[in-house]
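All residue numbers for the sequence shown refer to this note's numbering, where the first residue is 1033 and numbers rise by one. Built from N, CA and C at the ideal position, the CB exists for glycine as well. This structure is a prediction, so every number in the text was calculated from the model and none was measured. One structure is given here, and the rest of the page talks about it.
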Amino acid sequence: MNFDLIVRGGTLPDGRIADIGIVGETIVAIEPELNVTAGTAIDARGNLVSPPFVDPHFHMDATLSYGIPRINASGTLLEGISLWGELKPLLTHEAVRDRALAYCDWAVSMGLLAIRTHVDVCDDRLLAVEALLDVKKTIAPYIDLQLVAFPQDGFYRSPTARENTLRALDMGVDVVGGIPHFERTMADGARSVSELCEIAAKRGLMVDLHCDETDDPLSRHVEQLAYETQRLGLQGRVAGSHLTSMHSMDNYYVSKLLPLIAEAGVSAIPNPLINIMLQGRHDTFPKRRGLTRVKEMQALGIRVGWGQDCVLDPWYSLGTADMLDVAFMGLHVAQMSSPADMARCFDMVTNVNAAIMGLDHLGLAVGKRASLVVLDAGNPIEALRLRAERICVIARGKVVAERTRQDTRLAIEGRPATVNRRHRPTGR
């Protein structure tokens, strides 16, 4: 067989060393050694070859807008929402599109080749929806972009949100979103979960709700989400994002709640960078950090992925489109320190996130799309420790980003000439 591209001698996440043969946009061979030539060969020897990074929770309509029209002085979630309300009337199609495309350039450079972004539909112009639909077409050759119709000011609380949600879905938005804990009452929140899930069931769409993003342990809309998922046969198509109230819930209630979520096949998407920054703002000490119960959910077979959420926007003043940063923070806050847990954190920002988004074409296997990343690391745990450089990024069988490994030169007598912080254990 003739190959268009071969990635030679890379270390796969499971520890195997293999050549990967690519024809067109498809992986057609993964073997210990492929004794053939190809139009292009990538030398990955000694480096980790990974599936692409995937972000199942982002806000691309707001990204890179930090400081417009002002900075979030308190750093709180509610001031961020208020600031976004000030920014929305100032948005233009061109500004949203250009900032989103700039972020996607960052994403490609970091091997982030699939993103699910929530887009606010509470602006009657649906300007951001139109802009991000344009972006989706532009980046389709290298990034899978899913759009979520997100009534950010409340599906019922905002007078035109229901109508605008339906309009956005009619325009081609992929996923039904919501924010039940932001409705005026708990009852309205529960009612919104029911109707949003019914809309998704009728249209054959997935659901991804901002759910219980609060320190209030009585915010329990994820229970309603699990119920509606089973009632409407939506198993495997529903995600609850954030779920931060679970951090503060009574343990007995959680012992009932988690099996319900598992039975319903609802996925969870915590966003560790943003959750720990925004939650616990009313606390003195001890101060809660608001990350949901990740290990407990995984122990019951609930699918849990890590999300980025924000980069340089009204809610978060940092970020680089690096999903290894996200997993690194999640690893620490969830205390996932065993070798198995750390490797799982890497899997969460690649394979698990792809599964949450329904992207069955991604992954390192014959027949899958030829989108992959070569990292300056020997294994997934080292990639997390170093937040490893992306040496090469391949999207749909084409090299879309490359970087020369940058070792640091040392000028210290008796020590090596260069250092790069990779570690090869030696015997004692």
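Sequence-distant partners of Arg1102 (beyond 5 residues in either direction) whose C-beta falls short of 8 angstroms from its own C-beta, in its chain, are Leu1115, Glu1118.
Beta-bridge analysis with DSSP links Leu1407 to Leu1080, Arg1422.
Here Leu1305 is near Asp1341, since their CB atoms are less than 8 angstroms apart.
Residues His1213, Ser1251, His1253, Val1254, Leu1275, Ser1277 of the same chain have their beta carbon placed closer than 6 angstroms to that of Asp1244, with the five preceding and five following residues left out of the count.
The Cβ atoms of Ile1293 and Ala1271 lie no closer than 8 angstroms to each other.
Taking 3 residues as the minimum length, the beta strand (DSSP E) runs contained wholly in the stretch 1103-1174 are 1144-1152, in order along the chain. Taking the Cβ atoms as the reference, Cys1154 lies roughly 5 angstroms from Ser1190, within the contact range of under 8 angstroms.
Boundaries of the beta strand (DSSP E) harbouring Gly1053: 1049-1055, taken from the DSSP string. C-alpha of Ala1366 to C-alpha of Ser1097: approximately 30 angstroms in a straight line. For Val1432, the enclosing beta strand (DSSP E) starts and ends at 1430-1434. Sixteen is the threshold: since fewer than 16 other Cβ atoms of the shown chains lie within 10 Å of the Cβ of Tyr1284, the residue is exposed. Measuring C-alpha to C-alpha distances from Gly1071 to each of Leu1037, Thr1352, Arg1077, Gly1041 identifies Leu1037 as the nearest. For the pair Leu1158 and Met1309, the Cα-to-Cα distance works out to about 29 angstroms. Taking Thr1043 as the centre and dropping the five residues before and after it, the same chain places the C-beta of Ile1049, Leu1080 closer than 6 angstroms to its C-beta, in chain order. Distance from the CA of Pro1412 to the CA of Thr1382, rounded to the nearest whole angstrom, comes to 11 angstroms. With a 10 Å radius around the Cβ and a threshold of 16 neighbouring Cβ atoms, Leu1110 comes out exposed. Just measuring C-alpha positions, the residue of Ile1211, Arg1235, Gly1399 sitting nearest Gly1204 is Arg1235. The C-beta distance from Ile1147 to Phe1090 rounds to 5 angstroms, short enough to meet the 8 angstroms contact threshold. In the displayed model, Pro1291 falls within a helix according to three-state DSSP.
Put simply, of Lys1319, Arg1325, Phe1317, Ala1134 the residue whose alpha carbon is nearest the alpha carbon of Pro1291 is Arg1325. Contact between Ile1301 and Ile1388 holds: their C-beta atoms lie close to 7 angstroms from each other, under 8 angstroms. A buried status is given to Phe1035, since no fewer than 16 other beta-carbon atoms sit within 10 Å of its beta-carbon. Taking C-beta separations shorter than 6 angstroms and ignoring five residues to either side along the sequence, the partners of Arg1077 in its chain run Gly1041, following chain order.
Ranked by Cα distance from Ala1420, the first of Asp1439, Gly1429, Ala1061 is Asp1439.
Around the C-beta of Arg1376, 16 or more other C-beta atoms lie within 10 Å, and the residue is accordingly described as buried. For Glu1260, the enclosing alpha helix (DSSP H) stretches over residues 1253-1263. Take Met1368, set aside five residues on each side of it, and the residues of its chain with a beta-carbon closer than 8 angstroms to its own are Val1326, Lys1327, Gly1362, Met1374, Arg1376, Cys1377, in chain order. Within the same chain, and ignoring the five residues on either side of Gly1221 in sequence, the residues whose Cβ sits closer than 7 angstroms to its Cβ are Pro1212, His1213, Glu1215, His1253. DSSP lists Val1207 as the bridge partner or partners of Met1238.
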